[in-house]
Amino acid sequence: MELIDKLRDEVSSGHVAYTEFVLKQKKKKDCIFCFFEGKDDKKYYGIRINNYTQRNYEPIVCGGKENVIDVRRLIAKKKEYKKTEICYFIDQDYDAHIYIKSIYCLPTYSIENQYANKNVLKKLLTDEFSLNEENEDFSIALNLFERLQNKFHKETLYLNAWLSCQNDKRKKLGLKTNLKIDSLISSYFSSIASEDLSTISNFTELNNLSSLQSIFSDAPLVKASELKTKLKLFEKQNPEILFRGKFQLKFFISFLHRLQSDICKKNSVLFKEKHKCSFRFEFATALTSLSIYAETPECLYNYLKPFKQNVA
13 MELIDKLRDE VSSGHVAYTE FVLKQKKKKD CIFCFFEGKD DKKYYGIRIN NYTQRNYEPI
73 VCGGKENVID VRRLIAKKKE YKKTEICYFI DQDYDAHIYI KSIYCLPTYS IENQYANKNV
133 LKKLLTDEFS LNEENEDFSI ALNLFERLQN KFHKETLYLN AWLSCQNDKR KKLGLKTNLK
193 IDSLISSYFS SIASEDLSTI SNFTELNNLS SLQSIFSDAP LVKASELKTK LKLFEKQNPE
253 ILFRGKFQLK FFISFLHRLQ SDICKKNSVL FKEKHKCSFR FEFATALTSL SIYAETPECL
313 YNYLKPFKQN VA
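Taking the numbering used here, the leading residue of the sequence shown gets 13, the next gets one more, and so forth.
Shown next as structure tokens:
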């Protein structure tokens, strides 16, 4: 059994990404090699790498943060790749910000957090709903969003704190538990914002320790004292940055969908005028369709600066 586990770890480790890099590097000498945690990351980073550096890039998916770090370690040992231009991208997740030479760590939980915030909503209201900031409906939409987002953050604080405790345990004990978060609790995040944008769906069951242990039956036990400490820490942080990105994006898309439905009505109860918006707000395609609107941290530009093409 130990041999099987060892072989499985080898397959999912940075060695696979490293092998892919070695093969591609022989054929592509002039591009930037970019190592990502997952296949969706290039939907966010790709357009930013292309536009800012004015260079082509070759994406290589590593299958997780540790694998990105692992492949960076493997490549750093090889002198023949010293002049090869390489970028490494990882999410912060529930960890403290990671500082490793040549690796870019996003200053939020994941790329989804860069999509689901008030600044992105402002851009969408302007460009897709054709509203300007002086329009009363612009302010109404922002106020509705802030109110529901605050409620959503309060309702998911407990869950995020518990998941962060799980992250701590995996690292401390060397566990490789797959919580299957998206499949086990997806029903709670299917239609978060109510049709009239007055409230959000019920998360009561996810605010109970025994319920969470029952839902995630394979997860290590979290003590009430551990969770209490984590909750105190999380209450002082910015949820837009710290909370799990997929949760944030699902709320954001749900809000936009409800907003579009109401603001495009002839006789809206919430808004002063009828507005047009033909944009399709769907979670499945959001990382691609909303990529141009997502935030770009200044530290990402700073990281990409050495790879920028010199224009005479």
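Where is the CB? At the ideal position from N, CA and C, for every residue including glycine.
Can you list, in chain order, the residues of its chain whose CB lies under 6 Å from that of residue i, leaving out five sequence neighbours each side?
i, result
"phenylalanine 264", "Ala128"
"isoleucine 61", "Tyr69"
Rounded to a whole number of angstroms, what is the C-alpha to C-alpha distance between residue i and residue j?
i, j, result
"glutamate 294", "histidine 269", "8 Å"
"lysine 248", "alanine 173", "12 Å"
"aspartate 52", "leucine 218", "27 Å"
"valine 83", "isoleucine 275", "48 Å"
"cysteine 43", "alanine 296", "29 Å"
"leucine 330", "lysine 90", "This structure gives no information on residue 330, because the portion of the chain shown stretches from 13 to 324."
"isoleucine 4", "alanine 205", "Outside the displayed range of the chain (13 to 324) lies residue 4, so it cannot be described from this structure."
"tyrosine 93", "leucine 316", "19 Å"
"glutamine 66", "alanine 298", "24 Å"
"threonine 138", "lysine 288", "12 Å"
"aspartate 194", "serine 301", "21 Å"
"serine 210", "serine 199", "20 Å"
"methionine 13", "leucine 86", "Here the model assigns methionine 13 a pLDDT of 37, short of 50, so the residue's position is not dependable, and the following value carries that caveat. Answer to the nearest angstrom: the Cα atoms are 27 Å apart."
"asparagine 250", "lysine 278", "37 Å"
Going by beta carbon distance, what residues of the same chain come within less than 8 Å of residue i, once the five residues before and after it are set aside?
i, result
"glutamine 225", "Ala231, Leu233, Val234"
"isoleucine 152", "Leu282, Phe283, Lys284"
"isoleucine 102", "Glu49, Lys77, Val80, Ile81, Ile110, Ile115, Tyr116, Cys117, Leu118"
With a CB to CB cut of under 7 Å and the five nearest residues on each side skipped, what residues in its chain are close to residue i?
i, result
"asparagine 63", "none"
"phenylalanine 157", "Lys130, Leu133, Phe267"
"glutamate 285", "Asp149"
"lysine 40", "Glu70"
"alanine 236", "Leu221"
Tell me whether residue i sits in a helix, a strand or coil according to DSSP, three-state version.
i, result
"isoleucine 197", "coil"
"alanine 231", "coil"
"isoleucine 212", "strand"
"alanine 29", "helix"
"glutamate 238", "helix"
"serine 122", "coil"
For residue i, is the beta carbon positioned less than 7 Å from some heavy atom of the ligand MN?
i, result
"histidine 269", "Among the ligands in the structure shown, none appear at all, so the ligand MN cannot be discussed."
Give a yes or no on whether 8 Å exceeds the smallest Cβ distance from residue i to chain B.
i, result
"glycine 75", "Protein chain content of the structure displayed is limited to a single chain, and chain B is not contained in it."
| task | Taking 8 Å as the threshold, find out whether the stretch 114-122 comes into contact with the stretch 231-241 through three or more Cβ pairs. | result | At 8 Å Cβ cutoff, the stretches do not touch.
| field | Completely contained beta strand (DSSP E) runs for the stretch 33-117, where each covers 3 or more residues | value | 44-48, 69-73, 98-102, 115-117
| field | Segments of 4+ residues assigned as alpha helix (DSSP H) that fall wholly inside the stretch 245-322 | value | 251-254, 257-275, 298-301, 310-316
| Three or more C-beta pairs closer than 8 Å, one from the stretch 104-114 and one from the stretch 174-186: is that the case here? | Contact check between the stretch 104-114 and the stretch 174-186: three or more CB pairs, one atom from each, fall below 8 Å, which counts as touching.
| query | Taking only runs of the beta strand (DSSP E) that begin and end inside the stretch 159-207, which ones reach a length of at least 3 residues, in chain order? | reply | Fully enclosed beta strand (DSSP E) runs of 3 or longer: not present.
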